[in-house]
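Structure first, commentary second.
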Amino acid sequence: MLLFLGYNNPMKSLLLTIQISVSVSLIILILIQAKGVGLGRAWGGGGEFYKSRRGVEKVIFNLTVALGVLFLASSVLNLVLL
0 MLLFLGYNNP
10 MKSLLLTIQI
20 SVSVSLIILI
30 LIQAKGVGLG
40 RAWGGGGEFY
50 KSRRGVEKVI
60 FNLTVALGVL
70 FLASSVLNLV
80 LL
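Now the structure itself:
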């Protein structure tokens with residue numbers, strides 16, 4: 000187990016490792032979702048039609064939501080252990 004930034008607490012170090020890996024994964028998933036979307040639609044424009052998510056797009060969306068919740072939980076836990 001890696002001990003980041005001189006933390007002697009292995010639980011804190013593990014939590015920081017999880018938080019970093021989840022945040023990088025979350026950034027990658029968000030960028031994958033925005034790929035191929037025009038600038039107008041990316042910031043709220045172009046919503047004239049409804050498109051449901053199917054297949055891989057739905058899996059990526061659900062993974063993004065799950066990783067967002069995991070990141071929030073790890074951040075709160077990190078504050079509690081501070």
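So for the sequence shown, numbering that gives the first Met the number 0 puts the first residue at 0; every next one is plus one. Virtual Cβ for every residue (Gly too), placed ideally from N, Cα, C.
Under the assumption that residue i contacts residue j (Cβ atoms under 8 Å), give the Cβ distance between them as a whole number of angstroms.
i      : j      : result
Val-21 : Leu-66 : 6 Å
Leu-25 : Phe-70 : 6 Å
Leu-76 : Leu-15 : No, Leu-76 and Leu-15 are not in contact; Cβ-Cβ is about 11 Å, not under 8 Å.
With distance defined between alpha-carbon atoms, name the residue in the options nearest to residue i.
i      : options                           : result
Ile-29 : Val-64, Val-79 and Leu-78         : Val-64
Val-55 : Ser-12, Leu-76, Ile-31 and Val-68 : Ile-31
Do residue j and residue i count as a contact pair if the criterion is CB distance below 7 Å?
i      : j      : result
Ile-17 : Ser-73 : yes
Leu-80 : Lys-11 : yes
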